[in-house]
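Residue numbers for the sequence shown follow the working numbering, beginning at 24 and rising by one.
One structure below.
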Amino acid sequence: MKTGHNVLKVTIAVIAGVIGGFFGLFGGPVGAIVGVISGLLVGYYYVHLTLKIRSRYILLRILLGTLNGALAGLISGISVHIPELFVQQNHGVLAAIFMGAGFGVVVGTIFGFIVACIIAFIPKEKESEQG
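Now the structure itself:
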């Protein structure tokens, strides 16, 4: 693994953690903590999976990276509200989960597109460099 790729993974994970924490605040303090944690995890694995896209076509790499971002936003948007479901145990939280999922998809798609545009122009790893 190239050191530059590791730096990119950590940088994007931290940015995603900040975004997740900020939007997680709407789910309460527990939502903010879960938002940071899910943002860190989802951001790291988003970059990891997007770097593995093997297409030689830049537009296809950007499209797949954007779709990865939408999925990452969906996962993070839902996970922020799950703790509140168990704490409050009311039906209003289910609506918040659906709104969080939709909002997560929108934010994940936008952020995923921006990062995918950056990743699409990063030189691919050679087979001998992968671990």
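All residues carry an ideal CB built from backbone N, CA and C; glycine is no exception.
Distance CB(residue i)-CB(residue j) smaller than 8 Å
i      : j      : result
GLY44  : ALA55  : yes
VAL103 : GLY123 : yes
GLY58  : ILE38  : no
ILE142 : GLY88  : yes
THR73  : ALA139 : yes
CB-CB length for residue i against residue j, believed under 8 Å
i      : j      : result
SER99  : GLY62  : 6 Å
ALA95  : GLY131 : 5 Å
HIS97  : VAL70  : Rather than His, the amino acid found at residue 97 in this sequence is Leu. Their Cβ separation, rounded to whole angstroms, is 17 Å, which puts LEU97 and VAL70 out of contact at 8 Å.
ILE105 : GLY127 : Between GLY127 and ILE105 the Cβ distance is about 12 Å, and since that is not below 8 Å, they are no contact.
Any non-hydrogen atom of the ligand COA within 7 Å of residue i CB
i     : result
ILE81 : Looking at this structure, you won't find the ligand COA or any other ligand, since it has none at all.
For this session: Give, in chain order, every unbroken run of the alpha helix (DSSP H) that is at least 4 residues long and sits entirely within the segment 38-75.
Result: Considered as a whole, the segment 38-75 harbours 52-74 as its complete alpha helix (DSSP H) runs of no fewer than 4 residues, in chain order.
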